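*Asks:* Pasting a structure below so you can have a look.
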Amino acid sequence: MKRTFFASAAIVAVLASAIFAFGDIARPKPTPKALLYSGLTISTDSKASEARLVISQYTLKNLQDAAARNNDNETLSQRIMHSSSRTMMAGVFMFLAISFAGIWFARSHPNRKTKAIVAVVLAAVAFGIGTIMVRANAGPPGYIRWQNLPQSLKDGKETSGGVSIEVVPGDDNMKLILPMRKSGGSGEE
Amino acid sequence: MDTFDLSIAPSPLVALPHGRAADARRETRVSPRIFAATVISAGLISAALASWLPLQMSIVTVFLFAGPHNWFEARYFLMRLPARFGRSRNFFMLAFGGIGVLTAAYISLPALYYANIWSGANWPNAIAIWNTAMLLWIGALVVMRGKQKANRDWFWVLPVIFVLCSLNWAAPELFSLAFVYVHPLIALWFFDRHLRRTKPEWLRIYQRCLMFLPLLAAAMLWQLSRTQPLADDNGLFWRITQHAGAELLPNVSSHMLVSMHVFLEMLHYGVWIFALPLIGASGAIWQVKSIPLAKHSRGFPKLMAAILLCGLFAVALLWFGFSVNYTLTRDIYFTIAMAHVLAEAPFLLRMI
Chain A
293 MKRTFFASAA IVAVLASAIF AFGDIARPKP TPKALLYSGL TISTDSKASE
343 ARLVISQYTL KNLQDAAARN NDNETLSQRI MHSSSRTMMA GVFMFLAISF
393 AGIWFARSHP NRKTKAIVAV VLAAVAFGIG TIMVRANAGP PGYIRWQNLP
443 QSLKDGKETS GGVSIEVVPG DDNMKLILPM RKSGGSGEE
Chain B
136 MDTFDLSIAP SPLVALPHGR AADARRETRV SPRIFAATVI SAGLISAALA
186 SWLPLQMSIV TVFLFAGPHN WFEARYFLMR LPARFGRSRN FFMLAFGGIG
236 VLTAAYISLP ALYYANIWSG ANWPNAIAIW NTAMLLWIGA LVVMRGKQKA
286 NRDWFWVLPV IFVLCSLNWA APELFSLAFV YVHPLIALWF FDRHLRRTKP
336 EWLRIYQRCL MFLPLLAAAM LWQLSRTQPL ADDNGLFWRI TQHAGAELLP
386 NVSSHMLVSM HVFLEMLHYG VWIFALPLIG ASGAIWQVKS IPLAKHSRGF
436 PKLMAAILLC GLFAVALLWF GFSVNYTLTR DIYFTIAMAH VLAEAPFLLR
486 MI
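Line by line, the protein sequences are chains A and B. Going by this note's numbering, the first residue of the first sequence is number 293, and it counts up by one from there. Going by this note's numbering, the first residue of the second sequence is number 136, and it counts up by one from there.
In structure tokens form, the structure reads like this:
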């Protein structure tokens, strides 16, 4: 009992320190907020006289919905229904799935209780690592897809990659910023 | 008037006493080889037609078979409904309650959307909530059914249900799309369960034929994956491609998606309208007395006959609607038809 109490107190203390640690982070400067992540294809047309920006209906609808979600005047229901809530719900159900799987395993194989606990912990760790990878955007960085753009433009070929759509204040022209790296160099352009 | 014997067909095996049914089984004329050839031929023809003319076949099959297959399903469900619920009362209460509430909620979703009561931004969340309710309802039915079966522990279904809930919240629209593609396959499971009872000599060959299905699907995917997208330049074609997931999977050929969906739908309709009645799973089609609830001394023969007649009227109404405004009727049909999709869950569980 005493050991449990001290263990619980230690866990609470660690959690409390995390709250203080987050609380100590300086407020970031306001930056343009990405509304939507989509795909972009750059191609050339020798017969065209004007540059054209072609947006699919689906992307436009998503953009409109994302803009609606980003609205400061959004309703309470809209705030609750934000996609981060969906991620949270997915996590809650995954937690329930692992918990119930552990209960089922322990019930159906009572003499292998230890193995069941290990299996559940391993599964939880695997999902945790997966979540961290997703949150950290693990995988090849986006700029790699744009590296061949100059050559593709010369050759008249298409180049596709991911793009974050941002909305900034003002009435400037639309601007496309591509993440190009100098070949052989380490710095950004 | 208590009897509603409208029979124009000979009584199938299900309507016969057990001993006579067994005799009739032994007298089966069709050999398993012919049965297998029929199943494979039907699959091949369906795949070829769905691949060749996906939009046209989608229009024609839904027009011809959507209503009748619902009628056959309703007939089948009435056939499987016990005259007295007994210890299954709670199971059926939950089943019917769930079907009613979930169908009403499903119908109200587009109604609320088109009435501008909520914005499209919340649409995925609404879908996710509905899917979660459906999955939890199925989970509850499985647990209740598992308790009725001795020596069976179906607790493992709960973690599976929660995993599905999690996937649903991660991508609600894709989850719903997966449901669109999985639902037609449930009919094949029903057919499997009925073959066990009525034609066990066909069961093994049928299960071997089922192994042919993924190969057929893979061949279709391989053949159609690089085809040009279908022309969805009118409202109807756009709805069909959207239903098959073209909007959600923009990098996948809409030709392939629609073909696969139509192929699965054709199998689904084929099982409910032709295969199951042919092995006697739906009872003598016009014979109301083959339904336990009508046959029982304290049953409801008039009500059963009225339900079947109303069903026929609904089928005729659907055909009329398709003739007048196909696009609108199709939209309405696929929304209301969610009831029959949901109804398959409890009746399939009763078969397992």
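Glycine included, each C-beta is placed from N, C-alpha and C at the ideal position. Computed from a predicted model, the values in this text were never measured in an experiment.
CA-CA distance, residue 170 of chain B and residue 203 of chain B?
*Replies:* Taking the straight line from one Cα to the other gives about 23 angstroms.
*Asks:* Under a CB-based cut-off of 8 angstroms, is residue 398 of chain A close to chain B?
*Replies:* Cβ-Cβ to chain B under 8 angstroms: no for residue 398 of chain A.
*Asks:* Between residue 484 of chain B and residue 343 of chain B, is the Cβ-Cβ spacing less than 8 angstroms?
*Replies:* No, they are not a contact pair.
*Asks:* Should residue 327 of chain B and residue 341 of chain B be called a contact, given that it needs their Cβ atoms to be closer than 8 angstroms?
*Replies:* It is a contact, given that the beta carbons lie within the stated cut-off.
*Asks:* Taking Cβ positions, are residue 130 of chain B and residue 439 of chain B nearer each other than 8 angstroms?
*Replies:* Because chain B is modelled from 136 through 487, residue 130 of chain B falls outside the range shown and cannot be assessed.
*Asks:* Which chain B residues are close to residue 393 of chain A, counting only those with a beta carbon under 9 angstroms from its beta carbon?
*Replies:* Per Cβ cutoff of 9 angstroms: 291, 293, 294, 295, 297 and 298.
*Asks:* Helix, strand or coil for residue 439 of chain A, going by three-state DSSP, please let me know.
*Replies:* In the structure shown, residue 439 of chain A sits in coil (DSSP, three-state: anything other than H, G, I, E or B).
*Asks:* In terms of alpha-carbon separation, which member of A/447, A/445 and A/453 lies closest to residue 437 of chain A?
*Replies:* Looking at the Cα atoms, A/453 is the closest of the given residues.
*Asks:* Rounded to whole angstroms, what is the Cα-Cα separation between residue 338 of chain A and residue 467 of chain A?
*Replies:* The straight-line gap from Cα to Cα measures roughly 22 angstroms.
*Asks:* Using the Cα positions of residue 359 of chain B and residue 366 of chain B, report the straight-line distance between them to the nearest angstrom.
*Replies:* Approximately 15 angstroms between the Cα atoms of the pair.
*Asks:* Starting from residue 489 of chain A, follow its DSSP beta bridges and name the residues at the other end.
*Replies:* Only positions 293 to 481 of chain A appear in the structure, and residue 489 of chain A is not among them; the question remains open.
*Asks:* According to a CB-to-CB cut-off of less than 9 angstroms, which residues of the segment 329-356 of chain A neighbour chain B?
*Replies:* Here the close residues are 331, 348, 349, 350, 351, 353 and 356.
*Asks:* Tell me, please, whether the CB atom of residue 327 of chain B is closer than 8 angstroms to any CB atom in chain A?
*Replies:* No, no contact with chain A.
*Asks:* Taking C-beta pairs closer than 9 angstroms, name the residues in chain E that residue 230 of chain B reaches, listed in chain order.
*Replies:* No chain E is part of this structure, whose protein chains are labelled A and B.
*Asks:* Going by DSSP, what residues sit across from residue 356 of chain A in a beta bridge?
*Replies:* According to DSSP, which records beta bridges pairwise, residue 356 of chain A is partnered with nothing at all.
*Asks:* Taking all protein chains shown into account, decide if residue 424 of chain B is buried (16 or more other Cβ within 10 angstroms of its Cβ) or exposed.
*Replies:* With 16 or more Cβ atoms within 10 Å of its Cβ, residue 424 of chain B is classed as buried.
*Asks:* Using a cut-off of 7 angstroms between C-beta atoms, extract the partners of residue 382 of chain A located in chain B.
*Replies:* By Cβ distance, chain B contributes 301, 304 and 305.
*Asks:* Run through chain A and tell me which residues come within less than 9 angstroms of residue 286 of chain B, C-beta to C-beta.
*Replies:* Going along chain A, no residue has its Cβ under 9 angstroms from residue 286 of chain B, so there is no contact; the nearest lies around 13 angstroms.
*Asks:* Would you be able to state if there are at least three C-beta pairs under 8 angstroms between the segment 261-270 of chain B and the segment 230-242 of chain B?
*Replies:* With a cut-off of 8 angstroms, the segment 261-270 of chain B and the segment 230-242 of chain B count as touching, because enough Cβ pairs lie within range.
*Asks:* Step through the CB atoms of chain B and report whether any lies within less than 8 angstroms of the CB of residue 388 of chain A.
*Replies:* Yes, residue 388 of chain A counts as interfacial toward chain B.
*Asks:* By how many angstroms is the C-alpha of residue 350 of chain A removed from the C-alpha of residue 240 of chain B?
*Replies:* Using only the alpha carbons, I get a separation of about 25 angstroms.
*Asks:* Need the endpoints of the alpha helix (DSSP H) that residue 299 of chain B sits in, please.
*Replies:* Run containing residue 299 of chain B: 292-305, per the alpha helix (DSSP H) assignment.
*Asks:* Against residue 382 of chain B, what residues of chain A qualify as contacts under a CB-to-CB distance less than 7 angstroms, listed in chain order?
*Replies:* Ordered by position in chain A, the residues that pass the 7 angstroms Cβ test against residue 382 of chain B are 350.
*Asks:* Is residue 369 of chain B close to chain A, meaning its C-beta is less than 8 angstroms from at least one C-beta of that chain?
*Replies:* Closer than 8 angstroms: no.
*Asks:* Indicate the three-state DSSP secondary structure (helix, strand or coil) for residue 363 of chain B in the structure shown.
*Replies:* In this structure, residue 363 of chain B counts as coil in the three-state DSSP scheme.
*Asks:* Grab me the residues of residue 371 of chain B's own chain with a C-beta within less than 7 angstroms of its C-beta, minus the 5 sequence neighbours each way, in chain order.
*Replies:* Answer for residue 371 of chain B: 461 and 462, listed in chain order.
*Asks:* Check the Cβ of residue 385 of chain B against every Cβ in chain A and list those closer than 7 angstroms, keeping chain order.
*Replies:* Under the 7 angstroms cutoff, chain A gives 348 and 350.
*Asks:* Less than 6 angstroms between C-beta atoms, sequence neighbours within five positions excluded: which residues of the same chain meet that for residue 299 of chain B?
*Replies:* Around residue 299 of chain B: 270.
*Asks:* For the structure I just gave you, are there three or more beta carbon pairs, one from the segment 384-396 of chain A and one from the segment 286-306 of chain B, closer than 8 angstroms?
*Replies:* As far as the Cβ criterion goes, the segment 384-396 of chain A touches the segment 286-306 of chain B, which means the pair count is three or higher.
*Asks:* Between which residues of its own chain and residue 391 of chain B is the CB-CB distance below 8 angstroms, once the five residues before and five after are set aside?
*Replies:* Hits under 8 angstroms: 355, 356, 359, 360 and 362.
*Asks:* Suppose you measure from the CA of residue 306 of chain B to the CA of residue 380 of chain B; what does that come to, to the nearest Å?
*Replies:* Cα to Cα, residue 306 of chain B sits roughly 13 angstroms from residue 380 of chain B.
*Asks:* Given that residue 437 of chain A touches chain B, what residues does it touch there, using C-beta distances under 7 angstroms?
*Replies:* Chain B residues near residue 437 of chain A: none, gap ~15 angstroms exceeds 7 angstroms.
*Asks:* Within the chosen definition, does the segment 328-336 of chain B reach the segment 401-416 of chain B through at least 3 CB pairs nearer than 8 angstroms?
*Replies:* With a cut-off of 8 angstroms, the segment 401-416 of chain B and the segment 328-336 of chain B count as touching, because enough Cβ pairs lie within range.
*Asks:* Would residue 272 of chain B be called buried (16 or more neighbouring beta carbons within 10 Å of its own) or exposed?
*Replies:* Counting Cβ neighbours within 10 Å, residue 272 of chain B comes out buried, since at least 16 surround it.
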